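First comes the structure, then the notes that go with it.
Structural data, given as structure tokens:
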């Protein structure tokens, strides 16, 4: 039975799997952040909550992308570092786009972040597929 679910899941386009896993990971990351603020740290420590949530959710995100989107074998630490590198560049791209849209093009900050997030999602998909989880390491 599990084999049927696995076969069904991996017959879905990796782009769709990436989107679904990304939505799940974003939700988990937000819940971790909100939980840390509400139950442990208090709202004044939102930057600490952000860092801790990023650390925890990056491991979850890496694991779900590695197993559910781009199933690969190989050096897990090396792949995790590549994912973190991708996320750093994604953050820089996001910050630049947000600045460009808001300060230069006068787009509303909420709308600008939606556009920037979409661009960064495409960037992340490409970098994960071609860099962090290269196809030559794919599980057959």
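In this note's numbering, the protein residues as written are 391 to 530. Even glycine gets a Cβ: it sits at the ideal position worked out from N, Cα and C. Bear in mind that the values here come from a model prediction, so they are computed numbers and not experimental data.
Bridge partner(s) assigned by DSSP for residue i
i	result
residue 478	Looking at the DSSP assignment, residue 478 forms no beta bridge with any residue, so it has no partner.
Residue i, buried or exposed, once every other Cβ within 10 Å from all chains shown has been counted against 16
i	result
residue 437	exposed
residue 396	exposed
residue 529	Annotation note: pLDDT 48 at residue 529 (below 50); position unreliable, no value reported.
residue 485	exposed
residue 434	exposed
Test: residue i CB closer than 8 angstroms to a CB of chain C
i	result
residue 482	The displayed structure is made up of one protein chain only, and chain C is not part of it.
Residue i - DSSP class collapsed to helix/strand/coil
i	result
residue 419	helix
residue 402	coil
residue 435	helix
residue 496	coil
residue 521	helix
Residue i versus the options, residue with shortest Cα-Cα distance
i	options	result
residue 419	402, 448, 427, 514	448
residue 445	506, 402, 478	478
residue 410	393, 424, 454	454
residue 456	510, 404, 509	404
residue 480	508, 497, 464	508
residue 441	452, 494, 426	426
Pairs of beta-carbons, one from the region 445-460 and one from the region 517-524, closer than 8 angstroms: are there three or more? Because the criterion of three Cβ pairs below 8 angstroms is met, the region 445-460 and the region 517-524 touch.
Spell out a yes or no on whether the region 400-415 and the region 463-477 are touching, meaning 3 or more CB-CB pairs, one atom from each, closer than 8 angstroms. no
Determine, using beta-carbon pairs with one atom in the region 476-490 and one in the region 498-513, whether at least three such pairs fall under 8 angstroms. yes
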